[in-house]
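Note that the working numbering has the sequence shown beginning at 6, numbered continuously upward. Note that beta-carbon positions come from the ideal geometry of N, C-alpha and C, so glycine has one too. Bear in mind the structure is a predicted one, so any value in this text is a computation, not a measurement. In what follows, a structure is listed as structure tokens, so that the remarks can point back to it.
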Amino acid sequence: INEGVNAALAARDATRNGDDSHTSGTGARRPVQVARECSYSEFVKCKPLDFKGTEGVVELTRWFEKMEFVFSISNCIASNQVKFTTCTLQDDALTWWNSYVKTTTSKEAYVMTWATLKKKMTGKYYPRGEIKKIETKMWNLKVKGNDVVAYNRRFQQLALMCSRMFPEEIDKIEKYIGGLPDMILGSVKASRSKTMQEVIEFTTELMEDKTRAYAERQADNKRKSEDIARNNQNQQPYKRQNIGQAYTAGNGDRRLYAGSRPLCPKCNYNHE
């Protein structure tokens, strides 16, 4: 019996040490720290956004994004996510949620997962017709002028609402690159960036370099033009002086009149 007990204890210790023993170098076992469940007041301190149901598709997407960020930093457990989230609903959105709770039960409503709530709210405030319009905007999106920063911002906004257009990350990257101007498109393709973050950072830096180089060339050309104009202006008095000298010399070189006609005192020529 003693041997069986000792074997069981040894197996238990081995299992603990293998999984999460957190033992120190001296063999002493350190206590395992379990993440503490956040309260609603702690959740609210992370400043989740409110949603009224009238803001439109873009704001609904931002609300989803912000809420998931709050879940992460507050350590909000899955069983509390819908309960805490629906407390941020106001006006039309709150009326919609209360109506849904009445059609089921409070218990059934609050065991819903966050993914299910997102799907229901998308169906309510994000109709298929709106999705089609936004997808069309995404397909036609291109950089205006050289404003890559504005393009980045708009692309990321639309991409959040067009997730079904991009099953893989590479699909999103290809669409992003397709909207770039010719002056940088080839270089961005050649960079072979693997993530959206990488391709956005590379593109932004490349456009900044191109814009800076263009501005420097323009400034250099302007300086050269000003130098040429200044040199031409400095040469003008010498040209006028030379013309005057040539005119004077021409008058002085006139041959003397040997005829019989009298000299006119007005024009200084000999005539009747």
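Enclosing alpha helix (DSSP H) for residue i [first to last residue]
i: Asp-97; result: 96-108
i: Met-166; result: 153-166
i: Leu-65; result: 62-79
i: Lys-194; result: 187-196
i: Phe-56; result: Unbroken run through Phe-56: none, as it is neither H nor E.
i: Thr-90; result: 83-90
i: Ser-44; result: Element bounds for Ser-44: n/a, residue is neither H nor E.
7 angstroms CB neighbourhood of residue i in its chain, flanking five on each side removed
i: Met-212; result: Asn-151, Val-153 and Ile-189
i: Asp-55; result: Thr-93 and Gln-95
i: Tyr-130; result: Gly-58 and Leu-65
i: Arg-266; result: Asn-275, His-276 and Glu-277
i: Trp-101; result: Gly-58 and Lys-129
i: Gln-86; result: Phe-76 and Trp-119
Simplified DSSP state of residue i, which is helix, strand or coil
i: Leu-146; result: coil
i: Ala-15; result: Caution is warranted here: a pLDDT of 49 is assigned to Ala-15, below 50, making its placement in the model unreliable, and no coordinate value can be reported.
i: Phe-171; result: coil
i: Leu-268; result: strand
i: Asn-239; result: helix
i: Asn-273; result: coil
i: Tyr-131; result: coil
i: Val-10; result: Summary for Val-10: the model assigns pLDDT 38, below 50, so the residue's position carries little reliability, and this model does not support an answer.
Status (buried if at least 16 other CB within 10 Å, exposed otherwise) for residue i
i: Gln-202; result: exposed
i: Cys-81; result: buried
i: Ile-78; result: exposed
i: Ala-263; result: exposed
i: Thr-141; result: exposed
i: Cys-167; result: buried
i: Thr-200; result: exposed
i: Ala-98; result: buried
Contacting residues, own chain, Cβ-Cβ under 6 angstroms from residue i (five flanking each side not counted)
i: Thr-209; result: Val-153
i: Thr-109; result: none
i: Pro-186; result: Val-148
i: Leu-165; result: Thr-66
Between the CA atoms of residue j and residue i - distance to the nearest angstrom
i: Glu-135; j: Thr-127; result: 11 angstroms
i: Gly-184; j: Lys-71; result: 27 angstroms
i: Asn-103; j: Phe-69; result: 19 angstroms
i: Ile-182; j: Ile-205; result: 9 angstroms
i: Tyr-219; j: Lys-125; result: 50 angstroms
i: Thr-253; j: Glu-231; result: Confidence at Thr-253 is low in this model, with a pLDDT of 49, below 50, so the placement of that residue is unreliable and no value is reported for it.
i: Ile-233; j: Arg-222; result: 17 angstroms
i: Ala-195; j: Ile-139; result: 29 angstroms
i: Gln-238; j: Cys-269; result: 42 angstroms
i: Lys-107; j: Thr-121; result: 17 angstroms
i: Asn-145; j: Ser-192; result: 22 angstroms
i: Lys-177; j: Phe-171; result: 5 angstroms
i: Ser-111; j: Thr-90; result: 15 angstroms
i: Lys-137; j: Glu-174; result: 21 angstroms
i: Cys-51; j: Ser-44; result: 11 angstroms
Same chain, Cβ closer than 8 angstroms to residue i, five either side skipped, listed in chain order
i: Val-39; result: Its pLDDT being 49, under 50, Val-39 is placed unreliably by the model, and nothing is read from it.
i: Ser-198; result: Ile-178, Val-204 and Phe-207
Interface flag, residue i vs chain D, CB-CB below 8 angstroms
i: Ser-192; result: Judged by its chain identifiers, the structure shown contains no chain D, having just a single protein chain.
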